[in-house]
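> Got a structure for you, written out below as structure tokens; questions coming shortly.
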Ligand SMILES: Nc1ncnc2c1ncn2[C@@H]1O[C@H](COP(=O)(O)OP(=O)(O)O)[C@@H](O)[C@H]1O
Ligand SMILES: [Mg+2]
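Set out below in structure tokens:
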């Protein structure tokens, strides 16, 4: 029999973001990059986070990692609750010192991140092997030899060609796809429970993109980690994610299982996104209709629904009262006045 304790923790989300607000206090304006984000990441799943450029996806990732530069940035409200992997204790990341030991252990050890452009996150002066080994030594109490062994093991896992040789190479000697594999190897080298991948394949050509996504899928099941996959590519989400969160102007406006979201989208913004791009596997040729207007800079406190000015279904109430993000069906949440709370 499984003890009760294990049953309860198994279904608990590993990460819960509650009403998080991250602002940038600039001289001329306050940018409300995150304006009350609510998101919950189940264990061992891939969550797709989508939305147009400027919606706050990267700032959410950086807030979770406590990598927001302060000043001018600051998490001004909310909680980011992480269930820690060894102790199962819940810690509120927003309360930690971003430079302190606890946060440094979480960063890399519990939550790791892979960015779009690996060249900016790899150090050009160190070999690939040294960089991965460095990360391993920082988080696991092992010596250099063991760390280099781990680096080789990870390079093999990410299916880089000739991994032994790569250990001794510098980032500029590798192709874009290989560099991204190195970043993934480094990110997973300390067995993080959560991997955040921020547009990990956007800079790569289509074939390499497919290979990297394939690899991430495989590693997700091997390592049993949870992935937050940030992308503006809905095709990628439909292939990779088990759940999807749709973000608009600093808020999550819809959340559902992937199939449900693609087949029964509720929020006009989600529908707009789906209509504006060709989605793999969708039957028939559909006319592509872009969403009118652009994502505004979130420098004003918005009344009502932030999407209302661009929304084809906007009603009077939308410009006045902010819709509450709530569950309309089990597992399907939306913030829209077309689906008011009971
Ligand atoms: N360092 C910063 N200072 C001021 N505003 C910022 C900063 N970084 C991001 N922003 C603003 O925060 C909003 C969200 O940005 P971002 O998270 O990068 O969007 P996404 O990743 O969804 O494209 C945008 O309006 C952007 O201009
Ligand atoms: Mg981004």
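Numbering (my numbering), first residue to last: 2 to 343.
Quick reminder that beta carbons are idealized off the backbone N, C-alpha and C, glycines included.
DSSP on residue 330, reduced to helix/strand/coil?
In this structure, residue 330 counts as strand in the three-state DSSP scheme.
> Can you tell me whether residue 316 is buried or exposed? The criterion is at least 16 other CB atoms within 10 Å of its CB, across all chains shown.
Its Cβ having fewer than 16 others within 10 Å, residue 316 is exposed.
> Between residue 197 and the rest of its own chain, which residues show a CB-CB distance below 6 Å, the 5 nearest in sequence each way excluded?
Closer than 6 Å at Cβ, skipping near neighbours: 62, 114 and 229.
> Please tell me whether, using a cut-off of 7 Å, the distance from the CB of residue 34 to the nearest non-hydrogen atom of ligand 1 is below it.
Residue 34 Cβ: within cutoff of ligand 1.
> Considering only heavy atoms of ligand 2 and the C-beta of each residue, which residues fall inside 7 Å, strictly closer?
Residues flagged by the Cβ proximity filter: 54, 58, 59, 199, 200 and 231.
> Taking 6 Å as the limit between beta carbons, can you name the residues of its chain near residue 6, skipping five residues before and five after?
Because the pLDDT of residue 6 is 45, which lies under 50, any placement of that residue in the model is unreliable, and the question is left without a value.
> How would you call residue 101, buried or exposed, if buried means at least 16 neighbouring beta carbons within 10 angstroms?
It is exposed - the Cβ of residue 101 has fewer than 16 other Cβ atoms within 10 Å.
> Using 10 angstroms around the beta-carbon of residue 322, count the other beta-carbons present and answer buried if the total reaches 16, otherwise exposed.
Flag for residue 322 reads exposed.
> Nearest-angstrom Cα distance between residue 222 and residue 160?
Rounded to the nearest angstrom, the two C-alpha atoms are 16 Å apart.
> Report the three-state DSSP secondary structure of residue 8 (helix, strand or coil).
Residue placement at residue 8 is poorly supported in this model, since its pLDDT is 44, which falls under 50; the coordinates are not used for a value here.
> How would you call residue 295, buried or exposed, if buried means at least 16 neighbouring beta carbons within 10 angstroms?
Its Cβ having fewer than 16 others within 10 Å, residue 295 is exposed.
> Compare the Cα-Cα distances from residue 67 to each of 91, 84, 47 and 97 and report the closest residue.
Taking only the C-alpha atoms, the option nearest residue 67 is 97.
> Give the single residue among 158, 85, 116 and 118 whose Cα lies nearest to the Cα of residue 103.
With distances taken between Cα atoms, residue 103 lies closest to 85.
> Which residues bound the beta strand (DSSP E) around residue 76?
Its beta strand (DSSP E) spans residues 74 to 84.
> Kindly list the residues whose CB is nearer than 6 Å to the CB of residue 182, restricted to its own chain and excluding five residues on each side of it in sequence; keep chain order.
159 and 161, listed in sequence order.
> Indicate whether residue 389 and residue 269 have their beta-carbon atoms separated by less than 8 Å.
With the chain represented from 2 up to 343, any question about residue 389 goes unanswered, as that position is not in the structure.
> Would you tell me roughly how many angstroms separate the C-alpha atoms of residue 149 and residue 279, rounded to the nearest one?
Computed Cα separation, rounded: 44 Å.
> According to DSSP, is residue 117 part of a helix, a strand, or is it coil?
Three-state DSSP puts residue 117 in coil, outside helix and strand.
> By the 10 Å Cβ neighbour count, where 16 or more other Cβ atoms means buried, how is residue 93 classified, buried or exposed?
By the 10 Å Cβ count, residue 93 comes out exposed.
> Tell me, which residues are paired with residue 244 by DSSP?
48 and 258, per the DSSP bridge assignment.
> Alpha carbon to alpha carbon, how far is residue 185 from residue 107? Give it in angstroms, no decimals.
Residue 107 and residue 185: Cα-Cα distance of roughly 17 Å.
> Starting from the C-beta of residue 9, find all residues in its chain whose C-beta is less than 7 Å away, skip the five residues before and the five after it, and write them out in chain order.
The predicted model places residue 9 with a pLDDT of 48, which falls under 50 and marks its position as unreliable; any figure quoted below should be read in that light. Within the same chain, residue 9 has no close Cβ partners at all.
> What number of angstroms, rounded off, separates the C-alpha of residue 218 from the C-alpha of residue 318?
Going from the Cα of residue 218 to the Cα of residue 318 covers about 42 Å.
> Let me check understanding here. Comparing Cα to Cα, which of 200, 156, 169 and 313 lies closest to residue 179?
The candidate whose alpha carbon is nearest that of residue 179 is 156.
> Kindly indicate the opening and closing residues of the beta strand (DSSP E) around residue 197.
Start and end: 195 to 199.
> Tell me the residue span of the alpha helix (DSSP H) that contains residue 251.
Residue 251 -> no alpha helix (DSSP H), and no H or E assigned at all.
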